[in-house]
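**Q**
Residue numbers (our numbering): 3 to 441.
1. For residue 196, collect the residues of the same chain with a Cβ closer than 6 Å to its Cβ; drop the 5 residues on either side in sequence, then sort them by chain order.
2. Output needed for residue 6: all residues of its chain with C-beta closer than 6 Å, excluding positions within five of it in sequence on either side, in chain order.
3. Kindly indicate which three-state DSSP category residue 267 falls into: helix, strand or coil?
4. Using beta-carbon positions only, say whether residue 374 and residue 392 come within less than 9 Å of one another.
5. If you reduce the DSSP assignment to three classes, tell me which class residue 29 lands in.
6. For a minimum of 4 consecutive residues, which ranges assigned as the alpha helix (DSSP H) are wholly contained in the segment 215 to 258?
7. Rounded to whole angstroms, what is the Cα-Cα separation between residue 312 and residue 323?
8. List the residues that DSSP assigns as beta-bridge partners of residue 47.
9. Please specify which runs of the beta strand (DSSP E), each continuous and at least 3 residues long, are wholly inside the segment 271 to 358, giving them in chain order.
10. Which same chain residues end up closer than 7 Å to residue 365 when comparing Cβ atoms and leaving out the 5 residues on each side of it in sequence?
11. With a threshold of 8 Å, are at least 3 pairs of Cβ atoms found where one atom belongs to the segment 314 to 334 and the other to the segment 222 to 229?
12. Report the partner residues of residue 185 according to the DSSP bridge assignment.
13. Just grab the DSSP bridge partners of residue 153 for me.
14. Anyone know if the C-beta pair for residue 194 and residue 280 falls short of 9 Å?
15. Quick check on the burial criterion: 16 or more other C-beta atoms within 10 angstroms. Buried or exposed for residue 251?
16. For the pair the segment 340 to 358 and the segment 207 to 223, tell me if three or more CB-CB distances fall below 8 Å.
17. Closest by CA to residue 286, which one among 302, 272, 275, 59?
18. List the endpoints of the continuous beta strand (DSSP E) containing residue 415.
19. Name the one or two DSSP bridge partners that residue 360 has.
20. How long is the line joining the alpha carbons of residue 430 and residue 220, rounded to whole angstroms?
21. Below 8 Å on the Cβ atoms is my guess for residue 223 versus residue 201; work out the distance and round it to an integer in Å.
22. Per DSSP, what kind of secondary structure is residue 39 in: helix, strand or coil?
23. Find out if the Cβ-Cβ distance for the pair residue 247, residue 412 is shorter than 9 Å.
24. Residue 421: buried (16+ other C-beta within 10 angstroms of its C-beta) or exposed?
25. Can you tell me where the alpha helix (DSSP H) holding residue 1 begins and where it ends?
26. Going by DSSP, what residues sit across from residue 376 in a beta bridge?
27. Could you name the residues of the same chain whose beta carbon sits closer than 7 Å to that of residue 165, not counting the 5 residues immediately before and after it, in chain order?
28. Just the Cα atoms here: how many angstroms apart are residue 119 and residue 38?
29. With distances taken Cα to Cα, identify the nearest neighbour of residue 325 among 57, 155, 427, 173.
30. So, using beta-carbon positions, are residue 109 and residue 141 closer together than 9 Å?
31. CB-CB under 7 Å to residue 78, same chain, minus the five flanking residues each way: which ones, in chain order?
32. In this structure, does DSSP put residue 66 in helix, strand or coil?
33. What residue range is occupied by the uninterrupted beta strand (DSSP E) comprising residue 87?
34. Let me confirm a value: residue 402 is counted as buried when at least 16 other C-beta atoms fall within 10 Å, else exposed. Which label applies?
35. Buried or exposed: residue 203, going by 16 or more other Cβ atoms within 10 Å of its Cβ?
36. Three or more C-beta pairs under 8 Å: does that hold for the segment 136 to 154 against the segment 288 to 296?
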């Protein structure tokens with residue numbers, strides 16, 4: 003049995019000591035040496051998948067899958083030796099040499115593709131939000147643990163040195179015990195609060211049946227593809243699902259948040275059976291854990307913002323994060339936690355950040371996030387947004403959508419995956435797949 007390099011052991015120990023979830027990546031199946039190249043396949047190589055494919059391009063891109071010939075064209079051209087597919091199921095069944103799979107599809111097909119890859123022993127990088135439903139998140143977490151594959155969710159802000167320093171600052175107690183978390187976004191920047199759109203002719207370059215995947219049977223509309231599917235429950239997760247895995251990420255990591263015990267949502271009333279509301283506010287109650295006290299997290303989208311007084315005279319950005327502690331406020335003015343201020347400034351004028359305890363990456367952008375995953379596939383320490391961590395965060399966040407859809411406060415039993423006061427929530431915790439599709 004090969005021994006883990008000392009530098010990798012120290013990195014993994016730092017992550018575990020900081021309270022990160024490191025299972026599901028420490029002893030990967032199909033690991034290769036650092037100097038060997040992985041054989042990587044991509045599911046959804048257009049759009050965001052195009053940049054994900056490019057970032058994985060230091061390895062062998064052996065297969066590419068996209069249901070839209072036009073969207074996938076740039077990746078097909080850049081990697082002409084890769085075998086091309088429309089159906090990821092066929093690709094994964096046929097291509098036995100694949101070591102790792104990148105999933106960059108719309109939300110509703112994340113889990114089916116990732117789950118199939120994991121069951122075949124493949125390492126998986128999957129875009130955010132990790133899944134479309136709460137149940138899928140729990141399932142991917144459990145599968146990654148069972149099959150011992152390396153994993154990473156594509157919330158690339160995790161890679162930045164500024165993000166990691168922010169985690170260290172909060173964990174050092176700079177603002178004291180945290181009482182409240184406020185997270186906001188300028189999304190949606192796509193239509194929400196709409197009815198089902200009229201049918202359009204399916205373009206010749208799109209395989210609509212495969213695009214639908216596990217979603218309910220319905221007619222094609224150009225209002226879904228390629229971007230605005232985010233605003234429809236059958237395919238996307240609205241502003242909350244699209245952005246909270248970025249913007250709330252730093253708070254989840256620093257405070258080691260697990261699952262809320264109650265979730266309550268309010269909206270402008272514009273939501274429909276098929277689409278989230280145009281704007282909402284959601285309140286999550288997280289219980290005390292270890293040496294951390296109970297904390298309340300507030301989510302705001304579109305034009306909603308936290309109370310202005312929390313920022314101590316600083317103008318609130320379009321998107322951002324505030325943590326309110328007993329000794330001050332931590333303010334990060336963007337979606338990714340790359341920078342922060344401690345407020346009020348006068349109270350922290352002599353503050354010095356703690357010495358780094360978390361590993362820093364040579365490239366702290368999208369590419370670095372992918373390279374951290376690739377290193378984990380080759381037997382290195384688990385990537386920081388591995389599925390043990392990412393599934394936990396996704397599960398908690400998506401409960402906000404469940405609360406929006408049932409229109410009442412949810413009392414949540416995380417162990418049972420059950421809203422104890424609201425049996426009607428079950429249909430949104432776990433949705434039915436269309437015939438022919440499985441998790």
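The C-beta atom is built at its ideal place from N, Cα and C for all residues, glycine as well.
**A** Checking against the coordinates, here is how it stands:
1. Within the same chain, residue 196 has close Cβ partners 277.
2. Only weak support is given to the placement of residue 6: the predicted model assigns it a pLDDT of 46, under 50, and the question is left unresolved by the model.
3. Of the three classes helix, strand and coil, the one that applies to residue 267 here is strand, per DSSP.
4. Cβ distance not < 9 Å, so residue 374 and residue 392 don't count as in contact.
5. With a pLDDT of 44 at residue 29, under the threshold of 50, the modelled position of this residue cannot be trusted; read the value that follows with caution. Coil.
6. Segments of the alpha helix (DSSP H) lying fully in the segment 215 to 258: 240 to 249, 251 to 257.
7. Roughly 11 Å separates the two Cα atoms.
8. In DSSP, residue 47 forms no bridge with anything.
9. Whole beta strand (DSSP E) segments, 3+ residues: 282 to 288, 297 to 302, 322 to 327, 331 to 334, 343 to 345.
10. Shown here for residue 365: same chain residues with a beta carbon closer than 7 Å to its own, the five before and five after excluded, namely 373 in chain order.
11. A contact is defined here as three or more CB-CB pairs under 8 Å, and the segment 314 to 334 fails this definition with respect to the segment 222 to 229.
12. Paired residues: 301, 323.
13. 126, per the DSSP bridge assignment.
14. Yes, the Cβ-Cβ distance between residue 194 and residue 280 is below 9 Å.
15. Answer is buried; the Cβ neighbour count reaches 16.
16. Touching, no, given that fewer than three Cβ pairs across the two stretches are closer than 8 Å.
17. Nearest option by C-alpha distance: 302.
18. Element bounds for residue 415: 412 to 415.
19. For residue 360, which the question treats as bridged, DSSP gives no partner whatsoever.
20. Distance between the alpha carbons of residue 430 and residue 220 is about 19 Å.
21. That pair is a contact at about 6 Å.
22. Three-state DSSP puts residue 39 in coil, outside helix and strand.
23. Between residue 247 and residue 412, the C-beta spacing is not below 9 Å.
24. Around the beta-carbon of residue 421, 16 or more other beta-carbon atoms lie within 10 Å, marking it buried.
25. As displayed, the chain neither begins before 3 nor continues past 441, which places residue 1 out of reach and without an answer.
26. None; residue 376 has no bridge partner.
27. Once the five neighbours on either side are set aside, the close Cβ partners of residue 165 are 159, 252, 338, 339, 340.
28. Those two C-alpha atoms are separated by around 21 Å.
29. Nearest of 57, 155, 427, 173 to residue 325, Cα basis: 173.
30. Contact check for residue 109 against residue 141 fails: the beta carbons are separated by 9 Å or more.
31. Cβ neighbours of residue 78 beyond the five flanking positions: 66, 86.
32. Correct three-state label for residue 66: strand.
33. Judged by DSSP secondary structure, residue 87 falls within the beta strand (DSSP E) whose first and last residues are 85 to 87.
34. So residue 402 ends up on the buried side.
35. Classification of residue 203: exposed, given that the 10 Å Cβ count is below 16.
36. No, because fewer than three Cβ pairs between the segment 136 to 154 and the segment 288 to 296 fall closer than 8 Å, the two stretches do not touch.
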